[in-house]
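Report on the following structure.
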Amino acid sequence: MARVTTGITSSHIPALGAAIQTGTSGNDYWGPVFDGYKAIKDWIHQPGNMPDVIVLVYNDHATAFDMNVIPTFAIGCAEKFEPADEGWGPRPVPDVIGHPDLAWHIAQSLILDDFDMCIFNDMKVDHGCTVPLSMILGEPSEWPCKVIPFPVNVVTYPPPSGRRCFNLGDSIKAAVESFPEDLNVHVWGTGGMSHQLQGPRAGLINKEFDLDFIDRLINDPENLSHMPHIQYLREAGSEGIELVMWLIMRGALGDKVKDLYTFYHIPASNTALGAMILQPEETAGEALEPRTVMSGHSMAIAAE
Amino acid sequence: MSEPKKERINIHEYLAEFDDIPGTRVFTAQRARKGYWLNQFAMSLMKEENRTRFKADNAAYLEEWQLTDAAKKAVLARDYNAMIDEGGNVYFLSKLFSADGQSFQTAAGSMTGMTPDEYAQMMIAGGRSPAGMQSLKANLAATGGEDSKKDF
Chain D
136 MARVTTGITS SHIPALGAAI QTGTSGNDYW GPVFDGYKAI KDWIHQPGNM
186 PDVIVLVYND HATAFDMNVI PTFAIGCAEK FEPADEGWGP RPVPDVIGHP
236 DLAWHIAQSL ILDDFDMCIF NDMKVDHGCT VPLSMILGEP SEWPCKVIPF
286 PVNVVTYPPP SGRRCFNLGD SIKAAVESFP EDLNVHVWGT GGMSHQLQGP
336 RAGLINKEFD LDFIDRLIND PENLSHMPHI QYLREAGSEG IELVMWLIMR
386 GALGDKVKDL YTFYHIPASN TALGAMILQP EETAGEALEP RTVMSGHSMA
436 IAAE
Chain Y
12 MSEPKKERIN IHEYLAEFDD IPGTRVFTAQ RARKGYWLNQ FAMSLMKEEN
62 RTRFKADNAA YLEEWQLTDA AKKAVLARDY NAMIDEGGNV YFLSKLFSAD
112 GQSFQTAAGS MTGMTPDEYA QMMIAGGRSP AGMQSLKANL AATGGEDSKK
162 DF
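These protein sequences, in sequence, are chains D and Y. Per our numbering, residue 136 is the first one in the first sequence, and the count goes up by one each step. Per our numbering, residue 12 is the first one in the second sequence, and the count goes up by one each step.
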């Protein structure tokens, strides 16, 4: 049967894609970010770690969905998804290749489990989906695994609650486990961490909130999932609400997890960046060495 | 007979709390309705042929959309705070600043009253501190009732 072996969190900010495209990923500004991701990239390319399929949870940034259609939870069931032109031409990355059999199976299972999914076939994917792929899988001519795009509305209020997201993750886990084919499935939760891109409060970063969120995501997701929207907005900035998508990933991993790797960096453009590898405790592999990496301004906390 | 319902969120209280966050306009249904055409205009810039026409004559292109005068003025001035006041959302408006060749950081920074350099420096130094930025009511209580809205 198919299994959710791993959860990964990643930032999806467009500036990371731009750094790759312009060859500036090794400079003083971006170097530490790409160094922090290198451990994840190396890990995923080791034998047995490359998934057959990634369920990639992200938010569409007014790309595939405009003001006409605002699905709360959507799933891409097509054979492939092309990178979207978001105003500066499409990102020069391979088409995302889907897994229609598993995607339709998950869609049906979720609906029977009371999650009323929106099913998409003709859908372009934006930086929310393709930047995490580039950061973790590098720059291959074809992506080495299948990807099921799973957009969540976190733009037009209200987005789904953290609780709803956490429970959705649990239902994704059950759906994957009832798929007969033997597949290594990852669930990736992208976006975050604290950031605000609008208004006079733009630039807000809340290291204390972020590190507490990481800790509770690992150890106490049940209580974390009850955090109301207003708390994300106040503490993590207007765009920090993307963190509810991490709870979908976490819900798909079961009760206890082992944190193989945690990377936290301030700033990546306007945001605090968090990238993690988590696995269900009972099937977890070895933690990476070092297990936690802080860089940029976040180093201040490491010394405490 | 029905199952016991979960505790419901009071939508009026839920929405009212958003107005208590300093320097922030949450993209509620009310804003989404107000900004419908402004946001759809921005979306149109995802097509190269539209970008070309827009760049050739901003004002003429804007006439093709059902925009308020305030929205048109805000777009022409690239005043992102004013666009958000007109119901714009930053992810939609990103098509406009991307078409202008501007980054998210430059656009976000332009809404803070800081220069691009000052904003970039603030981010490198760890970003804007959340201290005193979470609640207008809390700020008001802390200052003994003085108007804390004057800055944000």
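Glycine included, C-beta positions come from ideal geometry on N, C-alpha and C.
V290, T291, Y292, P293: these are the residues of the segment 275–298 of chain D whose beta carbon lies less than 8 Å from some beta carbon of chain Y, given in chain order.
Across the structure, E221 (chain D) and T154 (chain Y) are spaced so that their CA atoms are roughly 44 Å apart. Taking a contact to require three or more Cβ pairs closer than 8 Å, the segment 59–74 of chain Y and the segment 114–128 of chain Y do not qualify as touching. Taking 8 Å as the threshold, the shortest C-beta distance from A154 (chain D) to chain Y does not fall below it. For Q116 (chain Y), the nearest beta carbon of chain D is closer than 8 Å to its own beta carbon.
Looking at the DSSP output, I254 (chain D) bridges to D:I210. Within 10 angstroms of the beta-carbon of S121 (chain Y) lie 16 or more other beta-carbons, which makes it buried.
Less than 8 Å separates the beta-carbon of M411 (chain D) from that of T144 (chain D).
Annotation: Y399 (chain D) is outside any alpha helix (DSSP H); the continuous beta strand (DSSP E) that includes it extends over 392–403. S244 (chain D) sits in a helix when the DSSP states are folded into three classes. K215 (chain D) sits in a strand when the DSSP states are folded into three classes. Between the segment 347–358 of chain D and the segment 262–281 of chain D there are fewer than three C-beta pairs closer than 8 Å, too few to call the two in contact. At least 8 Å separates the CB of H400 (chain D) from every CB of chain Y. S329, H330, Q331, L332, Q333, G334, P335, R336, A337, G338: these are the residues of the segment 307–338 of chain D whose beta carbon lies less than 9 Å from some beta carbon of chain Y, given in chain order. Contact annotation: in the segment 47–62 of chain Y, residues whose CB is within less than 8 Å of a CB in chain D are Y47, N50, Q51, A53, M54, L56, M57, K58, E59, R62.
Ranked by Cα distance from A238 (chain D), the first of D:P335, D:P295, D:K308 is D:K308. Scanning chain D for C-beta atoms nearer than 8 Å to the C-beta of K106 (chain Y) yields A197, E221, G222, reported in chain order. Closest option to P33 (chain Y), judged by alpha-carbon separation, among Y:T123, Y:Y130, Y:A131, Y:P127: Y:T123. In this structure the segment 366–374 of chain D does not lie against the segment 311–324 of chain D, because fewer than three pairs of beta carbons, one per stretch, are closer than 8 Å.
In the three-state reduction of the DSSP assignment, L413 (chain D) falls in the strand class, which pools E and B. Taking 8 Å as the upper bound for CB-CB distance, V322 (chain D) and G183 (chain D) are not in contact here, some 18 Å apart. Burial is judged here by how many other beta carbons sit within 10 angstroms of a residue's own beta carbon; A110 (chain Y) has at least 16 and is buried. Linking H180 (chain D) to I246 (chain D) through their CA atoms gives a straight-line distance of about 34 Å.
Apart from sequence neighbours up to five positions away, the residues of its chain that approach G338 (chain D) with a beta-carbon distance below 7 Å are Q331, N405, ordered along the chain. Assignment of M125 (chain Y) by DSSP, reduced to helix, strand and coil, places it in the coil class. Here I232 (chain D) is actually not in contact with V192 (chain D); their C-beta atoms are around 18 Å apart, not less than 8 Å. Put simply, of D:P167, D:G161, D:T140 the residue whose alpha carbon is nearest the alpha carbon of L408 (chain D) is D:P167. Nearest in C-alpha terms to G431 (chain D), of all of D:P425, D:H400, D:E424, is D:H400. Residues of chain D with a Cβ closer than 8 Å to the Cβ of Q132 (chain Y) do not exist; the shortest Cβ-Cβ separation is about 11 Å.
Chain D places no beta carbon closer than 8 Å to that of N150 (chain Y), leaving this residue out of the contacts.
T154 (chain Y): not part of any alpha helix (DSSP H); DSSP gives it neither H nor E. Here the segment 162–178 of chain D lies against the segment 389–400 of chain D, with 3 or more beta-carbon pairs under 8 Å apart. Here V287 (chain D) has V192, Y193, N194, T207, F208, A209, P294, P295, C300, V379, M380, I383 as same chain residues with Cβ atoms under 8 Å from its own Cβ, once five neighbours each way along the sequence are excluded.
With fewer than 16 other Cβ atoms from the protein chains shown falling within 10 Å of its own Cβ, N358 (chain D) counts as exposed. Here the alpha carbon of P356 (chain D) sits roughly 7 Å from the alpha carbon of R385 (chain D).
Here DSSP, grouped into helix, strand and coil, assigns Y130 (chain Y) to helix.
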